[in-house]
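Okay, so here's the structure we're looking at.
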Amino acid sequence: MTTSTAAPPRVLVVEDEESLLFTLAHSLKREGYTVVTASRGDDGLRLAREQKPDLILLDVMLPGIDGIQVCRMLRRDSDVPIIMLTALGGESDRVAGLDTGADDYIAKPFGMRELMARVRALLRRSGARAQPEAEPPVVISGDLQVDRDRREVVRGGEVLRMKPKEFELLLFFLQHPGRVFSREQILNEVWGHDFDGGHRTVDVHIRWLRQKVEDDPSNPVRIRTIRGSGYLFEG
Ligand code: CA
Numbered sequence: 668m669t670t671s672t673a674a675p676p677r678v679l680v681v682e683d684e685e686s687l688l689f690t691l692a693h694s695l696k697r698e699g700y701t702v703v704t705a706s707r708g709d710d711g712l713r714l715a716r717e718q719k720p721d722l723i724l725l726d727v728m729l730p731g732i733d734g735i736q737v738c739r740m741l742r743r744d745s746d747v748p749i750i751m752l753t754a755l756g757g758e759s760d761r762v763a764g765l766d767t768g769a770d771d772y773i774a775k776p777f778g779m780r781e782l783m784a785r786v787r788a789l790l791r792r793s794g795a796r797a798q799p800e801a802e803p804p805v806v807i808s809g810d811l812q813v814d815r816d817r818r819e820v821v822r823g824g825e826v827l828r829m830k831p832k833e834f835e836l837l838l839f840f841l842q843h844p845g846r847v848f849s850r851e852q853i854l855n856e857v858w859g860h861d862f863d864g865g866h867r868t869v870d871v872h873i874r875w876l877r878q879k880v881e882d883d884p885s886n887p888v889r890i891r892t893i894r895g896s897g898y899l900f901e902g
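Numbering of the sequence shown is given in my numbering, commencing with residue 668 and proceeding in unit increments.
Structure below.
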């Protein structure tokens, strides 16, 4: 394994939904990756061969050649890590995707944070070129310890049981202390840009989180409500 190259990993995104493609490219660049995009299956296949990406995000339903076919064709001569982006509830898509040799799949709508965690994990496993600057695996704030890799939260020596989105939400807050976020921004970051569950979803999860991380959940001092704006994590 060579470590001499300092170039960031290159990620190819093949997705025909324009707004999702834009969001994906933007999020990946923000994480420090080099991004190549295609909105058709045949273009994606060609770019995969020309650009030799370190990882591919591949939508299933694509014009030209569909994602399953692209994956199958790539697997004839490449073991590049592939994450399939499948439609909500597309169980057969998932099975077909993994059958054709995809390494992972994620169902739409998905939160960018979860996707980025999968990308990091897969790149780490595949021993790709230098990772973008790694965030520390354990984030500490007061009596809270959050282990990103083990997805575990410990408070005062006790492991807290958390739903996946509660965990994502807490981690998001911990990484952005002292900043006010609107419900819209929180939905976008944690649930995904096309999630249609509404703002109430955020409020419910915040209530659950407060029950776990606040001494007095009805008088929160960690996760504060900023009237008319959203929420702020005091850190
Ligand atoms: Ca599509």
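Here a beta-carbon is modelled for each residue, glycine too, at the ideal position from N, C-alpha and C.
A Cβ closer than 5 Å to some heavy atom of ligand 1 marks a residue here, and those residues are Asp683, Asp726 and Met728. The continuous stretches of alpha helix (DSSP H) do not include aspartate 816, and DSSP gives it neither H nor E. Taking C-beta separations shorter than 7 Å and ignoring five residues to either side along the sequence, the partners of arginine 742 in its chain run Thr767 and Gly768, following chain order.
For the options Thr704, His693, Leu729 and Pro675, the alpha carbon positioned closest to that of asparagine 855 is the one of His693. Membership of valine 680 in any alpha helix (DSSP H) is not indicated; the residue belongs instead to the beta strand (DSSP E) covering 677-681. Rounded to whole angstroms, the separation of the alpha carbons of lysine 775 and leucine 679 is 18 Å.
Between histidine 843 and the set Ile807, Leu691 and Asp710, the nearest pair of CA atoms involves Ile807. At a Cβ-Cβ threshold of 8 Å, leucine 811 and leucine 836 do not count as neighbours. Residue Ile773 holds the alpha-carbon nearest to the alpha-carbon of leucine 724 among Ile773, Gly699 and Arg697. Listed in chain order, the beta strand (DSSP E) runs fully inside the segment 696-749 are 701-705 and 722-726, counting runs of at least 3 residues. Partner residues in the beta bridge of aspartate 771, as assigned by DSSP, are Ile750.
Less than 8 Å divides the Cβ of leucine 790 from the Cβ of proline 676. Arginine 867 counts as exposed, since fewer than 16 other beta carbons sit within 10 angstroms of its beta carbon.
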